[in-house]
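Novice: Line by line, the protein sequences are chains A and B.
If you use the working numbering, the first sequence closes out at 243, no skipped numbers anywhere.
If you use the working numbering, the second sequence closes out at 486, no skipped numbers anywhere.
Protein chains: 2
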Amino acid sequence: MAEPFHCDCSRHLSMAHLGNCLLNAADFHADSCGFGMRRLNPEGKTWVLSRLAIEVVAMPEEYARFSVETWIESVMKYFTYRNFIVADAEKPSRIYGYARSVWALIDTSTRRPLSIDGVADGGIARSADPSRDCPIARPSRVTPDSEAQTVVSFAPSYGDIDVNGHVNSIKYLEHVLNIFSPDWHVSHPLRRVDIAYGAESHYGDTLSISRHTLPDGSVSVAISKALTGGGAADVCRFLLQFS
Amino acid sequence: MAEPFHCDCSRHLSMAHLGNCLLNAADFHADSCGFGMRRLNPEGKTWVLSRLAIEVVAMPEEYARFSVETWIESVMKYFTYRNFIVADAEKPSRIYGYARSVWALIDTSTRRPLSIDGVADGGIARSADPSRDCPIARPSRVTPDSEAQTVVSFAPSYGDIDVNGHVNSIKYLEHVLNIFSPDWHVSHPLRRVDIAYGAESHYGDTLSISRHTLPDGSVSVAISKALTGGGAADVCRFLLQFS
Numbered sequence: 001m002a003e004p005f006h007c008d009c010s011r012h013l014s015m016a017h018l019g020n021c022l023l024n025a026a027d028f029h030a031d032s033c034g035f036g037m038r039r040l041n042p043e044g045k046t047w048v049l050s051r052l053a054i055e056v057v058a059m060p061e062e063y064a065r066f067s068v069e070t071w072i073e074s075v076m077k078y079f080t081y082r083n084f085i086v087a088d089a090e091k092p093s094r095i096y097g098y099a100r101s102v103w104a105l106i107d108t109s110t111r112r113p114l115s116i117d118g119v120a121d122g123g124i125a126r127s128a129d130p131s132r133d134c135p136i137a138r139p140s141r142v143t144p145d146s147e148a149q150t151v152v153s154f155a156p157s158y159g160d161i162d163v164n165g166h167v168n169s170i171k172y173l174e175h176v177l178n179i180f181s182p183d184w185h186v187s188h189p190l191r192r193v194d195i196a197y198g199a200e201s202h203y204g205d206t207l208s209i210s211r212h213t214l215p216d217g218s219v220s221v222a223i224s225k226a227l228t229g230g231g232a233a234d235v236c237r238f239l240l241q242f243s
Numbered sequence: 244m245a246e247p248f249h250c251d252c253s254r255h256l257s258m259a260h261l262g263n264c265l266l267n268a269a270d271f272h273a274d275s276c277g278f279g280m281r282r283l284n285p286e287g288k289t290w291v292l293s294r295l296a297i298e299v300v301a302m303p304e305e306y307a308r309f310s311v312e313t314w315i316e317s318v319m320k321y322f323t324y325r326n327f328i329v330a331d332a333e334k335p336s337r338i339y340g341y342a343r344s345v346w347a348l349i350d351t352s353t354r355r356p357l358s359i360d361g362v363a364d365g366g367i368a369r370s371a372d373p374s375r376d377c378p379i380a381r382p383s384r385v386t387p388d389s390e391a392q393t394v395v396s397f398a399p400s401y402g403d404i405d406v407n408g409h410v411n412s413i414k415y416l417e418h419v420l421n422i423f424s425p426d427w428h429v430s431h432p433l434r435r436v437d438i439a440y441g442a443e444s445h446y447g448d449t450l451s452i453s454r455h456t457l458p459d460g461s462v463s464v465a466i467s468k469a470l471t472g473g474g475a476a477d478v479c480r481f482l483l484q485f486s
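1) When you compare the CB positions of N477 of chain B and P382 of chain B, do they come within less than 9 angstroms of one another, or not?
2) For C9 of chain A, I'd like the list of residues in its chain whose CB is within less than 8 angstroms of its CB, leaving aside the five on either flank, ordered along the chain.
3) With DSSP as the reference, please indicate the residues paired to V152 of chain A in a beta bridge.
4) Please classify A465 of chain B: is it buried, with 16 or more other beta-carbons within 10 angstroms of its beta-carbon, or exposed?
5) Could you tell me the distance, in whole angstroms, from the CA atom of G460 of chain B to the CA atom of V299 of chain B?
6) At a Cβ cut of 7 angstroms, what residues of the segment 442-468 of chain B count as close to chain A, listed as they run along the chain?
7) Does V142 of chain A come out as helix, strand or coil in the three-state DSSP assignment?
8) Below 7 angstroms between beta carbons is the criterion; list the residues of the segment 174-186 of chain A that meet it against any residue of chain B, in chain order.
9) Give the DSSP-derived three-state secondary structure of G44 of chain A in the structure shown.
10) Measuring CA to CA, which of B:T289, B:G365, B:V311 and B:L261 is closest to R334 of chain B?
11) Which residue marks the beginning of the beta strand (DSSP E) containing K225 of chain A, and which one marks its end?
12) Here's a check: name, in chain order, each residue in its chain whose Cβ is nearer than 6 angstroms to the Cβ of I297 of chain B, leaving out the five neighbours to either side.
13) Among A:V163, A:F84, A:A155 and A:E200, whose alpha-carbon lies nearest the alpha-carbon of R237 of chain A?
14) Below 8 angstroms on the Cβ atoms is my guess for G491 of chain B versus A363 of chain B; work out the distance and round it to an integer in Å.
15) Any beta carbon of chain B sitting closer than 9 angstroms to that of P92 of chain A?
16) So, using beta-carbon positions, are R380 of chain B and F309 of chain B closer together than 9 angstroms?
17) Using a Cβ distance threshold of 8 angstroms, determine whether the segment 443-455 of chain B contacts the segment 393-413 of chain B, with at least three qualifying pairs required.
18) Rounded to whole angstroms, what's the CA-CA distance from S293 of chain B to S344 of chain B? Just pull it up for me.
19) Run down chain B in chain order and give the residues with a C-beta less than 8 angstroms from the C-beta of C236 of chain A.
20) Runs of 3 residues minimum, wholly inside the segment 286-355 of chain B: which ones carry the beta strand (DSSP E) assignment?
21) Taking beta-carbon pairs under 8 angstroms, can you tell me which members of the segment 135-159 of chain A lie near chain B?
22) So with CB distances below 7 angstroms, who are the chain A contacts of V406 of chain B?
23) Any beta carbon from chain A within less than 9 angstroms of S257 of chain B's own beta carbon?
24) Between A:R112, A:H29, A:A64 and A:A232, which has its C-alpha nearest L13 of chain A's C-alpha?
25) The segment 260-275 of chain B: which residues have C-beta closer than 8 angstroms to a C-beta of chain A, in chain order?
26) Under 8 angstroms: do the segment 121-129 of chain A and the segment 73-89 of chain A share three or more Cβ pairs, one atom per stretch?
27) Please confirm whether A30 of chain A and F84 of chain A have their CB atoms less than 9 angstroms apart.
28) Could you say which of A:S220, A:Q241, A:I195 and A:H166 lies nearest to V151 of chain A if we only look at CA atoms?
29) Taking only beta-carbon atoms, is N411 of chain B less than 9 angstroms away from chain A?
30) Alpha carbon to alpha carbon, what distance is there between S486 of chain B and R375 of chain B?
31) Quick check: what's the CA-CA separation for G231 of chain A versus P378 of chain B?
32) Below 8 angstroms on C-beta distance, what does F248 of chain B contact in chain A?
33) Name the residue from A:Y78, A:A104 and A:P215 whose alpha carbon lies nearest to the alpha carbon of L239 of chain A.
34) On the CB-based measure, 16 or more other CB atoms within 10 Å of its CB, does L250 of chain A come out buried or exposed?
Shown next as structure tokens:
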């Protein structure tokens, strides 16, 4: 249910909360197939979200019941492609939107990519269903935008940090949505967001958000972290399309 | 379920998310009794949370299923007292904690208190059950602490704002928890929080958080908003007891 607390000032589910529901659905599905975090974490492996695109025609309204369906489209050596359908739980033919995601598997101590083929004795590849349709464009790499201007800098806080000490993937989206006013969100509902994740960030880092409105009206946003030796590293880049 | 995203870096449900679950339970219960927001808002009335105390012996762990039970203890002319039990959904005799809350009914245009007696044709008073036990102390008024020092100032953002343009009650708690580090939260689990709400705050306000550690180790925290003519108004006061 789109609980009031998970809705924004427009009385619709917030995009950050929808993103969280997608990641939960991915975790529950992977868990039921034998390659979820609960099985892989004790083996020193974890899934890392590399890219995410969410595109909606509408967002669930306050108190509406919605469903999230997910499946693996394909499995490559170092990446797996997972898609989602978000629908009205009471009228499944009413589609709110779709999402596509790209995941890597990494070693939790070295943070280096691991080959995905052997996961769950190859069961992950057998679970893929490339025949199902997901009628939205693949997640963009979101190219760096040299014209972006820094609009805010902040230090991640307790609520941003996950059990591994990293800033949670969805919390970046929350911070990005917060650079727009409530009035903007009410008059310009977000219809598509592409997110490309780069370096991880931690408690104690200083993050900066920069933005640039493109000629077609979409907004390019980047989060970078200051490096101790000077300079900055790309943490994640967003392309936001408002209606 | 204590979803991973609703847990903090200690792999336990965050107190802010538990607070949200309590408010949802209150809304669903009131709705089912005929005096919920969906019925009262169109009449130009709304419930306002005046005080809240949550006290736990433990927090649900990641993936644990928990239940929230709520009932009205009593109804006064201008306030109603609502209590909560948070338990293990699979083993209801295992209690995580209790909560107590005090609510006022206000006119949404004048923001003035309304008499509660007549709500739902007096059904609210008939629904009260003063015989049930809620074995925690009543919410404290949380007296102002003249020794508190300002630790951070911030402007509420899109994600803080509810449909009425006010900062959401639980978002204040999130901001307060964020003044403590992840390490602090892991080593000092929050066992009780008392919150007393005062003036409402809005998008565009500047809020300041001040804190003071008391001799018994509990922490007094206040959020105030700068007034345009100078000075500040009390928005909410917290008393936090960590273990």
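Glycine included, each C-beta is placed from N, C-alpha and C at the ideal position.
None of these values were measured; they are calculated from a predicted model.
Specialist: The answer reads as follows:
1) One detail in the question is off: residue 477 of chain B reads as Asp in this sequence, not Asn. Between D477 of chain B and P382 of chain B, the CB-CB gap reaches or exceeds 9 angstroms.
2) Result list for C9 of chain A: P182, H185 and V186, in chain order.
3) Partner(s): A:I209.
4) The residue in question, A465 of chain B, is buried, as its Cβ has 16 or more Cβ neighbours within 10 Å.
5) So the two alpha carbons sit approximately 17 angstroms from each other.
6) Answer set for the segment 442-468 of chain B: Y446.
7) Reduced to three states, the DSSP call for V142 of chain A is coil.
8) Identification of residues in the segment 174-186 of chain A having a C-beta nearer than 7 angstroms to some C-beta of chain B yields E174, L177, N178, F180, S181, P182 and H185, given in sequence order.
9) Here G44 of chain A sits in coil by DSSP.
10) Checking the sequence, you will find Lys at residue 334 of chain B rather than Arg. Nearest of B:T289, B:G365, B:V311 and B:L261 to K334 of chain B, Cα basis: B:V311.
11) Element bounds for K225 of chain A: V219 to A226.
12) Closer than 6 angstroms at the Cβ level, and outside the excluded window around I297 of chain B, lie A342 and V436.
13) Its Cα nearest to that of R237 of chain A, the residue A:E200 stands out among A:V163, A:F84, A:A155 and A:E200.
14) Residue 491 of chain B falls outside the range modelled here, since chain B spans only 244 to 486, and no answer is possible.
15) Not closer than 9 angstroms to any Cβ of chain B, the Cβ of P92 of chain A fails to qualify, so no.
16) Residue 380 of chain B is actually Ala in this sequence, not Arg. Contact flag unset, no.
17) Look at the beta carbons and you see the segment 443-455 of chain B touching the segment 393-413 of chain B: at least three pairs across the two are nearer than 8 angstroms.
18) Going by the C-alpha atoms only, they are around 8 angstroms apart.
19) Neighbours of C236 of chain A across chain B, judged by C-beta separation under 8 angstroms, do not exist; the nearest C-beta is about 17 angstroms away.
20) Within the segment 286-355 of chain B, the complete beta strand (DSSP E) runs of at least 3 residues are 288-299, 309-318, 323-331 and 338-350.
21) Cβ contacts with chain B: S157, Y158 and G159.
22) One finds C9 and R11 in chain A with Cβ atoms closer than 7 angstroms to the Cβ of V406 of chain B, taken in chain order.
23) Output row for S257 of chain B: interface = yes.
24) It is A:A64.
25) Answer set for the segment 260-275 of chain B: N263, L266, N267 and D270.
26) Judged by Cβ distances under 8 angstroms, the segment 121-129 of chain A makes contact with the segment 73-89 of chain A, as three or more pairs qualify.
27) Contact: no.
28) Among A:S220, A:Q241, A:I195 and A:H166, the Cα nearest to that of V151 of chain A belongs to A:S220.
29) Taking 9 angstroms as the threshold, the shortest C-beta distance from N411 of chain B to chain A falls below it.
30) Their backbone Cα atoms lie some 28 angstroms apart in a straight line.
31) When only Cα atoms are considered, G231 of chain A and P378 of chain B end up about 55 angstroms apart.
32) Those are N20, L23, N24, N168 and I170, listed as they occur along chain A.
33) The residue among A:Y78, A:A104 and A:P215 with its C-alpha nearest the C-alpha of L239 of chain A is A:P215.
34) In the structure as shown, chain A begins at 1 and stops at 243. Residue 250 of chain A is therefore absent and cannot be evaluated.
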